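Chemist: Each step along the sequence shown adds one to the number in the working numbering, with nothing skipped, and position 14 is 14. Quick reminder that beta carbons are idealized off the backbone N, C-alpha and C, glycines included. The structure displayed is predicted, hence computed values, not measured ones.
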Amino acid sequence: MLNEKLKRYLELLMEKNKVMNLTAIREKDEIIDKHFYDSMLLNDLLTKEDKKIIDIGTGAGFPGLVLAILNPDKEFLLVDSVKKKIDFINNVIEDLELKNVKTSTLRAEELIEKNREKFDVGLCRGVAHLSIILEYEVPFLKVNGRFLAQKQSADEIEQAKNALKVLKSEVKAIHKFNLPISKDERVVIEIQKKGITDKKYPRKVGVPKKKPL
Ligand SMILES: C[S@@+](CC[C@H](N)C(=O)[O-])C[C@H]1O[C@@H](n2cnc3c(N)ncnc32)[C@H](O)[C@@H]1O
């Protein structure tokens with residue numbers, strides 16, 4: 001079930017999607033299942049101690065904006081290099097009068113400069129292979145902070161072993177879910193940062209994607 005604020009966000013998303021490609025999914029129940037419920041799966045994995053959360057490549061706000069609406073006591077930074085998407089998110093923030101959300105149009109590799117080791121939790125859905133997004137996310141996390149990576153399966157872990165090692169991080173748990181409507185399988189890979197990240201990561205804009213660790 002969506003609360004009133006989430007329903008309003010859905011309405012604004014469907015309205016904007018008529019004039020701008022925010023999501024390829026157009027049918028209302030499918031948007032609820034694959035965007036809203038999929039984001040809400042993460043809510044049980046957040047703890048009282050998690051105060052600062054970053055979502056890199058948030059697009060139209062998934063999962064970060066959904067979780068920000070559900071957790072007004074936590075601070076969220078929603079990041080996407082496409083300005084039009086962040087403009088939409090800023091409109092939702094204003095419409096819903098959200099006080100706990102900030103946004104940025106910088107790429108993760110640029111934003112890191114003033115935000116190193118500052119966040120308790122990192123989020124990233126649908127952006128790239130695990131080995132790439134680890135390099136985007138881990139430098140932002142405090143030591144012992146967690147990256148909750150949403151994936152369709154845990155298969156990418158094998159190829160991300162070197163990235164995990166270089167970024168001093170470990171897979172702590174693999175959480176399996178089924179979406180409530182479609183029953184599609186989803187996996188959240190819970191990764192914990194174990195030591196301070198070498199300042200050379202993330203590498204310059206575009207390098208993590210071109211040459212994954
Ligand atoms: C396929 S969309 C996924 C959006 C959303 N997380 C979702 O699951 O619906 C990926 C987004 O990541 C953004 N992105 C990719 N690499 C990025 C980077 N290095 N820094 C910031 N944003 C990035 C893109 O602009 C794009 O909007």
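(1) My assumption, with CB atoms under 8 angstroms, is that K51 sits in contact with D120. Please give the rounded CB distance.
(2) Using a 10 Å radius around the Cβ and a threshold of 16 neighbouring Cβ atoms, would you call P63 buried or exposed?
(3) Evaluate the contact criterion for the segment 127–140 versus the segment 175–182: three or more CB pairs, one atom per stretch, below 8 angstroms.
(4) Using alpha carbons as the reference points, say which of M20, E109, P72 and E4 lies closest to A60.
(5) Can you list, in chain order, the residues of its chain whose CB lies under 7 angstroms from that of L111, leaving out five sequence neighbours each side?
(6) What residue does the alpha helix (DSSP H) around S131 start on, and which one ends it?
(7) Thinking just about the alpha-carbon of each residue, which of Y37, Q192, S182 and K142 is nearest to the one in A163?
(8) Determine the contact status of L12 and N91, defining contact as a CB-CB distance below 9 angstroms.
(9) For Q159, which beta-bridge partners are listed by DSSP?
(10) Any idea if D38 is buried or exposed, counting beta-carbon neighbours within 10 angstroms, 16 or more meaning buried?
(11) Near P72, what residues of its chain come up, given a Cβ to Cβ distance below 8 angstroms and the 5 sequence neighbours on each side ignored?
(12) Pick helix, strand or coil for F140, following the three-state DSSP scheme.
(13) Are I56 and L123 close, meaning C-beta to C-beta below 9 angstroms?
Modeler: This is what the structure gives:
(1) K51 to D120, Cβ: 6 angstroms. Contact.
(2) Here P63 is buried: its Cβ has 16 or more other Cβ atoms, across all protein chains shown, within 10 Å.
(3) When C-beta atoms of the segment 127–140 are compared with those of the segment 175–182, fewer than three pairs fall below 8 angstroms, so the two segments do not count as touching.
(4) Comparing Cα-Cα distances from A60 to each of M20, E109, P72 and E4, the minimum goes to M20.
(5) Around L111: V79 and S104.
(6) Taken as a continuous stretch (DSSP letters only), the alpha helix (DSSP H) holding S131 covers L130 to E137.
(7) With distances taken between Cα atoms, A163 lies closest to Q192.
(8) In contact: L12 and N91 (Cβ atoms closer than 9 angstroms).
(9) The beta-bridge partner set that DSSP reports for Q159 is empty.
(10) Classification for D38: buried.
(11) Counting only residues of its own chain and dropping the five nearest sequence neighbours on each side, P72 has a CB closer than 8 angstroms to the CB of L98, K99 and N100.
(12) Shown here, F140 sits in a helix according to DSSP, grouped into three states.
(13) Yes.
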